[in-house]
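Heads up: the structure comes next, in structure tokens.
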């Protein structure tokens with residue numbers, strides 16, 4: 001294959017990656033924006049989404065497309081419930097102290113990982129894709145499902161954006177983000193907003209995982225890379241800024257796809273992690289965010 | 001009895017009990033205890049940064065690994081003997097903490113946690129990337145010549161325990177002296193109220209950097225000793241898990257107490273050891289311990305004890 005088609009393939013792979021990354025990272029960014037806490041267990045919500053998708057498609061006696069669709073609805077709901085529970089039982093009692101929350105979510109990370117290992121096992125298992133179209137380009141064939149993933153991610157992100165900007169609940173969430181105490185004084189149930197935000201963040205990560213699981217297999221350690229990449233995206237985009245997160249996801253996803261294809265993936269990750277550390281030190285508002 | 005006598009009495013008593021333990025316990029537990037003492041030195045270093053100065057780092061595995069590789073790489077590639085290699089490991093831990101601190105201490109709180117986490121992750125990935133030099137994922141075994149210290153073969157039980165004990169005793173007494181010294185008080189002042197300490201004329205950046213370098217020296221010494229005593233150097237020791245472990249030990253034993261890190265390491269080690277006899281779900285134990293501690297006992301065992309009864313405990 002000559003350079004041009006090779007680059008096209010790299011860009012296509014990068015776009016798929018960017019789409020899934022954007023979904024995961026927006027969940028993390030939303031939680032940070034509204035609640036001002038960093039959720040280290042976010043990658044495990046992603047992993048849970050993939051593992052649940054495997055269970056659902058394996059045990060439901062539906063044809064692959066229907067079973068997968070069921071997983072896309074049920075898995076994020078279950079993860080959202082677990083997240084809301086974790087918020088009420090643990091984070092709320094810590095008063096959302098930033099440092100204590102990080103320690104507690106690290107604990108949550110280990111517990112969820114162990115639960116997956118115990119009940120699901122250490123094997124990587126595939127989920128059958130809902131459909132098997134192949135788009136034949138002049139140089140290579142490309143999976144139609146991967147393009148569908150990009151489309152689905154865009155639709156979900158648009159729905160989140162409409163939800164945040166056009167609905168009453170979104171307005172309440174934004175009000176809480178701007179000023180928690182004033183929101184409470186105006187009769188907003190802040191506890192419920194926080195639990196809901198944490199649940200929505202978890203559900204987005206789980207949805208991203210259900211989208212990706214027919215391409216990558218479900219494994220109990222699969223949450224590690226998405227967590228790190230989401231951190232990178234959220235920080236470079238500016239903590240708490242949804243628009244910055246989306247731009248950064250596109251940049252990081254695409255460049256990671258291209259760099260990994262032409263150079264070593266490890267080198268790409270080293271560069272990305274160092275970049276993040278330096279961005280936080282020298283430009284804490286992010287590369288794209290105007291204000292912190 | 002004066003407080004001063006009580007403080008020294010308690011710490012010397014703990015050291016005496018540990019020294020006696022090697023003659024009283026079966027050899028399985030003696031080896032465990034050697035491991036715990038080395039890990040406790042690592043945790044004491046973490047405690048200097050987190051417990052006393054208030055720097056919550058998620059990247060201490062980097063300093064531990066710097067010590068381990070600072071010791072192991074010269075033994076492997078340059079055929080250094082154990083004593084210079086050990087000193088190289090100690091210095092590597094301190095130097096790494098200095099470099100990270102110069103950059104990371106420009107941030108605070110959550111940003112500081114993430115920056116240290118990212119540096120540690122970059123360090124871990126670098127170890128994998130340079131696998132022709134570092135042995136990558138598989139690591140390497142430390143050569144026999146690097147495991148004989150001052151004529152004692154550290155691969156055998158008694159010298160290994162004694163080496164761990166000497167390191168631990170030195171670390172403990174140094175820590176006790178440090179936190180009761182004027183500089184130790186300034187460290188605590190940084191933790192309690194940085195702005196007010198600045199107003200009193202102290203330079204927070206310099207104090208925090210010094211504390212972090214001291215912490216790195218402890219971690220480096222522990223990493224070098226761990227590699228030398230147990231004969232293996234590997235990239236696993238640079239993973240995030242080895243940044244979490246000292247934090248867990250310190251939180252359990254009591255942040256900001258001299259004996260807390262050792263107590264935490266001892267209890268956690270045996271908790272995992274005993275539960276792994278019944279179930280292989282040891283990650284769950286670690287996770288539940290972390291959540292339980294931040295929820296119900298944020299001051300840890302000795303911290304709570306100091307609050308309730310023993311006000312003189314350093």
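Protein chains in written order, with full-length UniProt numbering: chain A, 1 to 292; chain B, 1 to 314.
Backbone N, C-alpha and C define an ideal beta-carbon position, used for all residues, glycine too.
- For chain B, the residues of the segment 262-273 of chain A that bring a beta carbon within less than 8 Å of one of its beta carbons are 264, 266, 267, 269, 270, 273, in chain order.
- Proximity of chain B to residue 93 (chain A) at the Cβ level (cut-off 8 Å) is accounted for by 295, in chain order.
- Chain-order list of chain A residues neighbouring residue 128 (chain B): 266, by C-beta distance under 8 Å.
- In the DSSP assignment, residue 143 (chain A) forms a beta bridge with A:134.
- The DSSP-derived three-state label of residue 129 (chain B) is helix.
- In the three-state scheme derived from DSSP, where H, G and I count as helix and E and B as strand, residue 125 (chain A) is classed as strand.
- In the structure shown, residue 110 (chain A) falls within a helical segment according to DSSP collapsed to helix, strand and coil.
- Each residue's CA atom was taken as its position, placing residue 163 (chain B) and residue 29 (chain B) some 16 Å apart.
- Two segments are said to touch when three or more pairs of C-beta atoms, one from each, lie closer than 8 Å; by this definition the segment 59-69 of chain B touches the segment 89-99 of chain B.
- The beta-carbon of residue 236 (chain A) is placed no less than 7 Å from the nearest beta-carbon of chain B.
- DSSP places residue 168 (chain B) in the helix class (H, G or I) of the three-state scheme.
- Pairing residue 217 (chain A) with residue 124 (chain A) gives a Cβ-Cβ distance under 7 Å.
- If you draw a straight line from the Cα of residue 224 (chain B) to the Cα of residue 44 (chain A), it comes to about 33 Å.
- Taking the Cα of residue 212 (chain A) as reference, the smallest distance to any Cα among A:38, A:134, A:145, A:81 is reached at A:145.
- The beta carbons of residue 230 (chain A) and residue 101 (chain A) sit about 16 Å from each other, so the pair does not count as a contact at 8 Å.
- Within the segment 98-111 of chain A, the residues whose Cβ lies closer than 8 Å to any Cβ of chain B are, in chain order, 98, 99, 100, 102, 103, 104, 106, 107, 108, 109, 110, 111.
- In the structure shown, residue 149 (chain B) falls within a strand segment according to DSSP collapsed to helix, strand and coil.
- If you draw a straight line from the Cα of residue 130 (chain B) to the Cα of residue 106 (chain B), it comes to about 29 Å.
- Excluding the 5 residues flanking it on each side, residue 19 (chain B) has same chain C-beta neighbours closer than 8 Å at 165, in chain order.
- Within its own chain, the residues whose Cβ lies closer than 6 Å to the Cβ of residue 61 (chain B), once the five positions on either side in sequence are excluded, are 120, 238, 242, 243, listed in chain order.
- Only buried fits residue 294 (chain B), as 16 or more other CB atoms lie within 10 angstroms of its CB.
- Counting along the chain, residue 68 (chain B) sits inside the alpha helix (DSSP H) bounded by residues 60-73.
- Distance from residue 179 (chain B) to residue 250 (chain B) at the Cβ level is roughly 14 Å; contact not present, criterion being Cβ atoms closer than 8 Å.
- Fully contained in the segment 57-88 of chain A are the following alpha helix (DSSP H) runs of length 4 or more, in chain order: 64-86.
- The C-beta of residue 197 (chain A) has 16 or more other C-beta atoms within 10 Å across all chains shown, which makes the residue buried.
- Contact with chain A is found for residue 107 (chain B), since one of that chain's Cβ atoms lies less than 7 Å from the residue's Cβ.
- Straight-line measurement puts the Cα of residue 13 (chain A) at about 40 Å from the Cα of residue 95 (chain B).
- Proximity of residue 281 (chain A) to chain B, defined by a Cβ-Cβ separation below 7 Å, is satisfied.
- By the criterion of a C-beta distance shorter than 8 Å, residue 113 (chain B) is surrounded in its chain by 56, 57, 58, once the five residues flanking it on both sides are discounted.
- In the three-state scheme derived from DSSP, where H, G and I count as helix and E and B as strand, residue 155 (chain B) is classed as coil.
- Here residue 218 (chain B) is near residue 44 (chain B), since their CB atoms are less than 7 Å apart.
- Residue 2 (chain B): not part of any alpha helix (DSSP H); DSSP gives it neither H nor E.
- Close CB contacts of residue 74 (chain B) within its chain, under the 6 Å cut and outside five residues either way in sequence, are with 80, 85, 88 (chain order).
- Residue 258 (chain A) and residue 200 (chain B) have their alpha carbons spaced roughly 53 Å apart.
- Inclusion of residue 208 (chain B) and residue 53 (chain B) in the CB contact set at 7 Å is warranted, their separation being smaller than that value.
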